Amino acid sequence: MLKTSASFVLGSSKSSTYPRGYASGFDSPAALLNRRFEHPALWKALMLLLMTVLSQSWSPVFAQTDIQTKTPLAPPQDVRVFDTPSDGGDSLTVIWAPAPYDSAAVRYQVLLSEGTSVADPATMKVVAEFPANQRYVRESKWPWWTRPATGDQHQYTLRSGRGVELKSGTLYSITVATVLNDERSIAAPGQAAPEPNWINWNQMNNLLLALLFGGIVFYAIGTARKREIFLRRIPGLDAVDEAIGRATELGKPILYMTGAHDMSDPSTIAAAVILGRVAKRAAAYETDLLVPHREPITMAVCQEITKQAYLEAGKPDLYKDDSNFFITSDQFSYTAAVDGIMLRKKPAANFFMGHYFAEALLLTETGASTGAIQIAGTDSDHQLPFFVTTCDYTLIGEELYAASAYLSREPVQVGTLRGQDIGKALILGVLGIGTILATLGILFDAQWPKLFLDFFRDVK
Amino acid sequence: MPIETIIGGWVATGLTLFIFSFLYKDNPLFKLAENLYVGVSVGYTIIKTYDTVVVQLIWKPIVENGEWTLLIPVAIGMLMLTRYVPKAAWISRYAFAFIVGVGSGLAIPRTISSFILKQIEDTVRPLLTLIPGEGVTFTWSLLNPASSVNTIIILIGVSSVLFYFFFSVEHRGPGKVVARTGIMFLMIAFGAAFGYTVMARMSLLIGRLTDLIEFTDPSYGRPSLWLAGLTILTLVVMARRSRSHPPEEK
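For the record, the sequence lines run as chains A and Y. One rule links them: number in this note's numbering = place in the first sequence (from 1) + 1164. One rule links them: number in this note's numbering = place in the second sequence (from 1) + 59.
This is how it looks when you write it as structure tokens:
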């Protein structure tokens, strides 16, 4: 451990911005003047007055100098180096105790070296430097259940990147140095190796909420099987049958799009479920259905759904394999092709379900120009304004997910919707209680509200 | 100027003008551009997929690095091809079930993290602000997103919008007021997003028009002028033909 003595720091000409000896005893200006002027009593009085005024105005400066020069510059204490818990194995964390000299003027350096033997810690690579009044555990993202030290401790998490590469399984030496001007005091290095972890304990709240909401949904499904659950009317969904009926009357096809995402996206799954309902009605009314795709797997899944719908409608002979067809996965060439279909086939009803990007307005504007009834449903909040302005009906956000339950009235789907409502009620309660606790935390400068608030934080 | 730059200028100008001609009505020039666009994008996607998936992710790791475990996802992927054999088409459902299952498994924690926890974290804020030197106070600044008054607006907005999306509760009485407040917040947000995006689209249009102006330069052979003339001529001829031979009503 390298330790710089206090006397050395105080005596060093480099450690102070003032001339050597100025703060620790010197010949007074009055004494100097005494030897140079003929009327020492008058000059003494003037100089005394001047010194009084200056001492008042300079006292803060001297006081600051005292902190900087008289506080012993000790190395960081209780330095602990360990593999960062709950990570992918590419980071190490170092924790050390706060010091009496912690201020913006003093700085901490984090030093790194590969291996266990460090002959001279001063030769280690400086990987981070920051003021000594920063980087506390309380400022970190750790929730209370994984916090490795009390909030007043200093912490720094070293990650790969910016000239540092931490390899999983390799042992590294890390230490912390205190720096004041040109002086540096380094603590004894500690060793640790980054290792990947199977479980991210920081996200335990995520798992518990998933289990809680899952339990609520299962309970609600059970309730829906026993008794009928009320579902409020969604105007956009009532229009689905109206649009299919209109297409049948006009003898024109129905155009249905499932969005830009693949089957891993909930909105695409919802779009595929609604397609089943629309296809069943289209089969019953013997109306043509066109489903252009830009994602091959979604197309294959939708083919199955459409086929099943025609079978359930008792019209398997009317099913056409090419009612679902692939155009291209490119965004705007797909848009150009669908715009062309709208103009040439002139579908009477256009459905835009799923997730959309910039093509949304191009598609719906063209559809509106052909006079088709248009129904959109998306959770893409950036495109919702365009659907709202150009479509006859729009399913906003979660209404898209609610649509399949509303249309089918199946207990599983209705129960799921009811379970989600209960979950949302819980969230509303958390918002209210959380706001009150956060306000109390500010009012009383208390940390205990964090016991509740941390549980509802997104901790990666 | 290099010949490929001149050809590029002509192609870019032509396709831009042909696509713009759609603003008048569907026409053969638009169809040409549309089919060219779709064909090129499909061809590009096939080559790109072959290179990035088949060559880089399957062939090279297995043959050059001996990563034989990759044959498992390859086998699952191959199951999808059984769709072309009607009697064995049911096997493809295992592959689809795997994809949908993995997708849901990945989506659930991500959804809870991004759409529940993150939203709660950003909404739950103290109604009073601690200002160093002044102590705890209520801040009225609308320009500061973290002010007390904005915290209350956000709290009311989030709560009312959340209530609007209750589907098993009828929106009547006080509930109707809360739901209508929620839809008002939604529409204000949509309006702001609409204006913002329209401005972004304007910048795209300006970009295309800047290119068209640049291609009026003699060094390119003035493609903008020639091709604009061709496009206008085609539309005029089309309009005349449709007047003399009106399409039959189906």
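Just so you know, even glycine gets a beta-carbon here, dropped at the ideal spot from N, CA and C. Being a predicted model, the structure only gives us computed values, none of them experimental.
So with CB distances below 8 Å, who are the chain A contacts of residue i?
i: residue 190 of chain Y; result: Correct list: empty, because the minimum Cβ distance to chain A is about 11 Å.
i: residue 85 of chain Y; result: 1504, 1507, 1508
i: residue 253 of chain Y; result: 1549, 1550, 1553
Classify residue i: buried if its beta carbon has 16 or more other beta carbons within 10 angstroms, exposed otherwise.
i: residue 226 of chain Y; result: buried
i: residue 123 of chain Y; result: exposed
i: residue 295 of chain Y; result: exposed
i: residue 1308 of chain A; result: exposed
i: residue 1178 of chain A; result: Annotation note: pLDDT 36 at residue 1178 of chain A (below 50); position unreliable, coordinate value reported separately. Its Cβ having fewer than 16 others within 10 Å, residue 1178 of chain A is exposed.
i: residue 1394 of chain A; result: exposed
i: residue 217 of chain Y; result: buried
i: residue 1519 of chain A; result: buried
i: residue 1503 of chain A; result: buried
i: residue 1591 of chain A; result: buried
i: residue 1622 of chain A; result: buried
i: residue 68 of chain Y; result: buried
i: residue 1288 of chain A; result: buried
i: residue 302 of chain Y; result: exposed
i: residue 197 of chain Y; result: exposed
i: residue 1221 of chain A; result: Reliability of the predicted coordinates at residue 1221 of chain A is poor, the pLDDT of 43 falling under 50, and the value obtained from them is presented with this limitation in mind. When all chains shown are included, residue 1221 of chain A counts as exposed.
i: residue 1609 of chain A; result: exposed
Can you check whether the CB of residue j is closer than 8 Å to the CB of residue i?
i: residue 1248 of chain A; j: residue 1321 of chain A; result: yes
i: residue 1603 of chain A; j: residue 1385 of chain A; result: no
i: residue 1373 of chain A; j: residue 1420 of chain A; result: no
i: residue 1522 of chain A; j: residue 96 of chain Y; result: no
i: residue 1266 of chain A; j: residue 1292 of chain A; result: no
i: residue 1272 of chain A; j: residue 1246 of chain A; result: no
i: residue 183 of chain Y; j: residue 1595 of chain A; result: yes
i: residue 245 of chain Y; j: residue 1560 of chain A; result: yes
i: residue 1526 of chain A; j: residue 1516 of chain A; result: no
i: residue 1332 of chain A; j: residue 1238 of chain A; result: no
i: residue 1566 of chain A; j: residue 1398 of chain A; result: yes
i: residue 1311 of chain A; j: residue 1254 of chain A; result: no
i: residue 1285 of chain A; j: residue 1275 of chain A; result: yes
i: residue 208 of chain Y; j: residue 1607 of chain A; result: no
i: residue 1568 of chain A; j: residue 1437 of chain A; result: yes
Strictly below 8 Å CB to CB, what residues from chain Y border residue i?
i: residue 1370 of chain A; result: 168, 171, 172, 176
i: residue 1311 of chain A; result: Within chain Y, no residue comes near residue 1311 of chain A; the closest Cβ sits about 17 Å away, beyond 8 Å.
i: residue 1461 of chain A; result: 139, 155, 158
i: residue 1585 of chain A; result: 225, 226, 227, 228
i: residue 1374 of chain A; result: 167, 168, 171
i: residue 1617 of chain A; result: 183
Using the beta-carbon of each residue, which ones in chain Y are nearer than 7 Å to residue i?
i: residue 1395 of chain A; result: 226, 227
i: residue 1251 of chain A; result: Ordered by position in chain Y, no residue passes the 7 Å Cβ test against residue 1251 of chain A, which lies about 16 Å from the chain.
i: residue 1493 of chain A; result: 104
i: residue 1465 of chain A; result: 155
i: residue 1582 of chain A; result: 227
Quick one: which chain A residues come within Cβ less than 7 Å of residue i?
i: residue 47 of chain Y; result: In the structure as shown, chain Y begins at 60 and stops at 309. Residue 47 of chain Y is therefore absent and cannot be evaluated.
i: residue 96 of chain Y; result: 1497, 1500
i: residue 82 of chain Y; result: Near residue 82 of chain Y there are no residues of chain A at all, since even the closest Cβ is about 10 Å away, more than 7 Å.
i: residue 100 of chain Y; result: 1492, 1494, 1497
Give the interface partners of residue i over in chain A, defined as CB-CB distance under 9 Å, in chain order.
i: residue 250 of chain Y; result: 1549
i: residue 256 of chain Y; result: 1522, 1525, 1546, 1547, 1549, 1550
i: residue 208 of chain Y; result: Those do not exist, as residue 208 of chain Y stays about 14 Å from chain A at its closest Cβ, beyond 9 Å.
Check the Cβ of residue i against every Cβ in chain C and list those closer than 9 Å, keeping chain order.
i: residue 218 of chain Y; result: Note that chain C does not occur in the displayed structure, where the protein chains are A and Y.
Using the beta-carbon of each residue, which ones in chain Y are nearer than 9 Å to residue i?
i: residue 1620 of chain A; result: 175, 176, 179, 180, 183
i: residue 1390 of chain A; result: By Cβ distance, chain Y contributes nothing, its closest Cβ being about 15 Å from residue 1390 of chain A, past 9 Å.
Please determine if the segment 85-101 of chain Y and the segment 1338-1350 of chain A are in contact, where contact requires at least 3 C-beta pairs separated by less than 8 Å. In short, these stretches do not touch, since the Cβ pair count stays below three.
Three or more beta-carbon pairs under 8 Å between the segment 1585-1594 of chain A and the segment 272-291 of chain Y, yes or no? When C-beta atoms of the segment 1585-1594 of chain A are compared with those of the segment 272-291 of chain Y, fewer than three pairs fall below 8 Å, so the two segments do not count as touching.
Inspect the CB distances between the segment 1358-1368 of chain A and the segment 1275-1282 of chain A and report whether three or more fall short of 8 Å. Too few Cβ pairs lie closer than 8 Å, so no.
Check whether the segment 1259-1266 of chain A touches the segment 1292-1300 of chain A, taking contact to mean three or more Cβ pairs, one atom from each stretch, closer than 8 Å. Because the criterion of three Cβ pairs below 8 Å is met, the segment 1259-1266 of chain A and the segment 1292-1300 of chain A touch.
Does the contact criterion of 3 or more C-beta pairs under 8 Å hold for the segment 1531-1547 of chain A versus the segment 1405-1417 of chain A? Judged by Cβ distances under 8 Å, the segment 1531-1547 of chain A makes contact with the segment 1405-1417 of chain A, as three or more pairs qualify.
Would you call the segment 1442-1456 of chain A and the segment 1464-1484 of chain A in contact, with 3 or more CB pairs under 8 Å? Yes: at least three Cβ pairs fall under 8 Å.
Interface residues of the segment 142-156 of chain Y facing chain A [CB-CB below 8 Å]: Answer set for the segment 142-156 of chain Y: 142, 151, 152, 155.
Beta carbons nearer than 9 Å to chain Y: which residues of the segment 1548-1580 of chain A have them? Along the segment 1548-1580 of chain A, going in chain order, the ones with a CB nearer than 9 Å to a CB of chain Y are 1548, 1549, 1550, 1552, 1553, 1560, 1561, 1562, 1563, 1566, 1569, 1570, 1578.
Which residues, taken in chain order from the segment 1406-1439 of chain A, show a beta carbon closer than 8 Å to some beta carbon of chain Y? Only 1426, 1427, 1428, 1429, 1430, 1433 from the segment 1406-1439 of chain A bring a Cβ to less than 8 Å from some Cβ of chain Y.
Against chain Y: residues of the segment 1470-1491 of chain A by CB proximity under 7 Å: Across the segment 1470-1491 of chain A, CB contacts with chain Y closer than 7 Å involve 1491, in sequence order along the chain.
How do the segment 116-132 of chain Y and the segment 1436-1444 of chain A stand: do at least 3 beta-carbon pairs fall below 8 Å, yes or no? Because the criterion of three Cβ pairs below 8 Å is not met, the segment 116-132 of chain Y and the segment 1436-1444 of chain A do not touch.
Is there contact between the segment 1490-1505 of chain A and the segment 96-108 of chain Y, where contact requires at least three CB pairs shorter than 8 Å? When Cβ pairs closer than 8 Å are counted between the two stretches, the segment 1490-1505 of chain A is seen to touch the segment 96-108 of chain Y, the count reaching three or more.
Is there contact here, the segment 107-121 of chain Y with the segment 1504-1516 of chain A, by at least three beta-carbon pairs under 8 Å? No, they do not touch.
Report yes or no: do the segment 1462-1469 of chain A and the segment 1421-1437 of chain A share at least 3 C-beta pairs separated by less than 8 Å? The segment 1462-1469 of chain A vs the segment 1421-1437 of chain A: in contact.
Check whether the segment 157-174 of chain Y and the segment 1364-1378 of chain A are in contact - that is, three or more C-beta pairs closer than 8 Å. In short, these stretches touch, since the Cβ pair count reaches three.
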